[in-house]
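Numbering (the working numbering), first residue to last: 285 to 439.
Backbone N, C-alpha and C fix where the C-beta goes; we use that ideal spot for every residue, glycine too.
Here the structure is a predicted model, which is why all the values come from computation and not from measurement.
Quick notes on the structure that follows.
Pasting the structure below:
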């Protein structure tokens, strides 16, 4: 979650999320940071060879699916998209969600093996974006659920 360290609590409620009509990218809108376009990706291993699957490639296999699901914080509004990689016989999937009144967004990426050969998942990247915060970095608190990798830059 992104929030200015000095901001009032009400600021956090305005984080926006929108999946593009083609299902390949989405935007995250954060006050003070702007609008960020993001894709999603996965790295798999097929027949011992690494393959990078990006939402910018492949074929969107179906229109986006909208649903709701129960979370500990309430009902989440969820949008799902699937991109097929025919040669690799792997589907790249993304689920985006929001729980009304919760200051944050849900982004889950995954794969589905659509062929007979085994697929090893090496990594998924639900947020493939770069961003820069507005103002001084000392005014911001940036946290990550995955402590292996995160970065903040100011341009």
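- Between residue 384 and the set 355, 374 and 405, the nearest pair of CA atoms involves 355.
- In the DSSP annotation of this structure, the continuous segment of the beta strand (DSSP E) that includes residue 325 starts and ends at 318-330.
- Contact between residue 330 and residue 372 is confirmed by a C-beta separation of about 6 Å, below the 8 Å threshold.
- Shown here for residue 323: same chain residues with a beta carbon closer than 7 Å to its own, the five before and five after excluded, namely 308, 309, 338, 339, 340 and 412 in chain order.
- When the alpha-carbon of residue 394 is set against those of 406, 377 and 402, the nearest one is in 377.
- Boundaries of the beta strand (DSSP E) around residue 361: 358-369.
- In terms of CA proximity to residue 405, 334 leads the group 334, 367, 369 and 380.
- Judged by DSSP in its simplified three-state form, residue 339 adopts coil rather than helix or strand.
- Following the DSSP letters along the chain, one finds residue 375 inside the beta strand (DSSP E) bounded by residues 374-382.
- Around the beta carbon of residue 306, fewer than 16 other beta carbons sit within 10 angstroms, so the residue counts as exposed.
- Straight-line spacing of the CA atoms in residue 369 and residue 409 works out to 17 Å.
- In this structure residue 381 is buried. Its beta-carbon is surrounded by 16 or more other beta-carbon atoms within 10 angstroms.
- Shown here for residue 363: same chain residues with a beta carbon closer than 6 Å to its own, the five before and five after excluded, namely 303, 348, 350 and 380 in chain order.
- Residues of the same chain with a CB within less than 7 Å of the CB of residue 319, apart from the 5 flanking positions on each side, are 311 and 313 in chain order.
- In the structure shown, residue 407 adopts extended strand secondary structure according to DSSP, grouped into three states.
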